[in-house]
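Here's the structure we're looking at; comments come further down.
Protein chains: 2
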Amino acid sequence: MSEYTLHCFAESGNAYKAALMLELTGQDWQPVFVDFFNGQTRDPMWRDEVNEQGEVPVLMHGGTCLTQSALILDYLSAQTGQFGPQSEEERREIWRWMLFDNHKFTSYYAALRFLLCLKKTGETEVTTFLRERAAAAYRIVDAHLAGTPFMVGARVTIADLSLAGYVFMPEDTGMNVQQYTHIEAWKARLQALPGWQHPYDLMPRVAP
Amino acid sequence: MSEYTLHCFAESGNAYKAALMLELTGQDWQPVFVDFFNGQTRDPMWRDEVNEQGEVPVLMHGGTCLTQSALILDYLSAQTGQFGPQSEEERREIWRWMLFDNHKFTSYYAALRFLLCLKKTGETEVTTFLRERAAAAYRIVDAHLAGTPFMVGARVTIADLSLAGYVFMPEDTGMNVQQYTHIEAWKARLQALPGWQHPYDLMPRVAP
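Just so you know, the sequences run in chain order A and B. Residue numbers for the first sequence follow this note's numbering, beginning at 10 and rising by one. Residue numbers for the second sequence follow this note's numbering, beginning at 10 and rising by one.
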């Protein structure tokens, strides 16, 4: 039995945020596959017993059950003493970007990828709308990264791991992400971290 | 000069979260009107000088400038000693719901209202999509409120103020919100709080 158990599936970038944190900090952890594509997170029993919000990731640690990727990152930074804030000002900067990520950067991109690449709706008014919103969020993060190697200064923090949720996903969302050169350079810096792994190598893709 | 200055406009439910917190806790504060509908938040100078994320609310307090409504609520609960967590477990519960609010509950509803009621696009594939997503988030919050008077137990916390951002907005989004009876009862409890005010009475609607 590992110290940490993460309910997740490989296609979930929100789960990847937690999995990457566990891996980069060298924790003893194991994934538990959630069969999202067959409706497990919509099952009333799963909602009662695992997460009423109907989402992955869910992290189990001792008697503590945590949901919401940003809160899991915050918890793990306190537990491990790594990638967390070193001052109150840094704490606020980290949360400011994790919130922007949840509200816009991850949110629009993940919804676009889900519809276009996993649900395979084809191009619709909805995918066009989501792509425009995602691009606006990408422009803001790209402009920010023009002036700093990582989201909050010179070292990796949980803000980076939050924003990194979906940026390594291989599916073509029609976003032309190469134009965001500062984001591309930041991605390369993250990939160079000791222990970095791709989401599809870190979590299960199909039911065991 | 008031102690707190809030960059806002009345139609922004995200700004309302902060304005309502300032009002309910009896702070000395003043609004600064942001002309969102004429593009002020997209102005490169405004982004350089006020908020690179291009959003309201922005709270100024002494030398501190804060953005992101959830972070502003967290800051104000610490400053005022009101509506914050009383334990580490409560802190996590509050953040869990504030994150769900930013990612889904406020996010989809606010985008739906913006397109349908303010930009007046009429019903499109996009508004239908957003309404379905908003309804899924409403069902989760309604189910949670079936078992508790406020989001985190028996007293109001900043989690309630976060989720309350758009629920008092008068525009018809086609959501049939009356069906969410536990949310309706919770709204009535919030409206009964001493000092409660409607967003359109609390913040400026047109440029002075």
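Positions of the beta carbon are idealized from the N, C-alpha and C atoms, including for glycine.
Under the Cβ distance rule, residue 105 of chain A counts among the residues neighbouring chain B, one pair being separated by less than 8 Å.
DSSP places residue 170 of chain A within a helical segment (H, G or I) once states are collapsed to three.
For chain A, the residues of the region 153-167 of chain B that bring a beta carbon within less than 7 Å of one of its beta carbons are 153, in chain order.
Under the Cβ criterion of 8 Å, residue 198 of chain A is not counted among the residues facing chain B.
Unbroken alpha helix (DSSP H) runs of no fewer than 4 residues, entirely contained in the region 89-147 of chain B, are found at 97-109, 115-122, following chain order. Put simply, the CB of residue 45 of chain B is far from chain A, with every gap to its CB atoms at 8 Å or more.
The continuous alpha helix (DSSP H) containing residue 53 of chain A extends over residues 53-58. Under the three-state reduction of DSSP, residue 202 of chain B is assigned to coil, being neither helix nor strand. The C-beta of residue 79 of chain B comes closer than 8 Å to at least one C-beta of chain A.
If you look at residue 40 of chain A, you'll find it in the beta strand (DSSP E) that goes 38-42.
Within chain A, the residues 105 have their CB atoms less than 8 Å from the CB of residue 76 of chain B, given in chain order.
Out of A:77, A:121, A:92, the CA that lies nearest to the CA of residue 107 of chain B is found in A:77. Using a Cβ distance threshold of 8 Å, residue 180 of chain A and residue 140 of chain A do not count as a contacting pair. If you compare the alpha carbons of B:25, B:188, B:11, B:18 with that of residue 214 of chain B, the shortest gap goes to B:18.
Distance check between residue 63 of chain A and each of B:159, B:152, B:208 places B:152 closest, using alpha-carbon atoms only. Secondary structure note for residue 175 of chain A: it is in no beta strand (DSSP E), with a DSSP letter that is neither H nor E. DSSP links residue 67 of chain A through a beta bridge to A:16, A:76. From the listed residues A:41, A:102, A:24, the smallest Cα separation to residue 162 of chain A is found for A:102. For residue 135 of chain A, the neighbours in chain B by C-beta distance under 8 Å run, in chain order, 134, 135, 138. Taking residue 168 of chain A as reference, the option from A:212, A:183, A:191, A:94 with the minimal CA-CA separation is A:94.
In this structure, DSSP gives residue 162 of chain B an extended state, which the three-state scheme calls strand. The C-alpha of residue 148 of chain B is placed about 11 Å away from the C-alpha of residue 155 of chain B.
Judged by beta-carbon spacing, residue 211 of chain A lies within the 8 Å limit of residue 28 of chain A, meaning their Cβ atoms are closer than that value. With a cutoff of 8 Å on beta-carbon distance, residue 127 of chain B and residue 136 of chain B are scored as not near each other. Close CB contacts of residue 158 of chain B within its chain, under the 8 Å cut and outside five residues either way in sequence, are with 195, 198 (chain order).
Less than 8 Å separates the beta-carbon of residue 39 of chain A from that of residue 14 of chain A. Residue 87 of chain B and residue 50 of chain B have their C-alpha atoms some 28 Å from each other. In terms of Cβ geometry, residue 26 of chain A and residue 82 of chain A form a close pair [threshold 8 Å]. Taking 7 Å as the upper bound on Cβ-Cβ separation, chain A lies near residues 112, 116 of the region 112-124 of chain B.
In the DSSP assignment, residue 25 of chain B falls within the alpha helix (DSSP H) that extends over 22-33.
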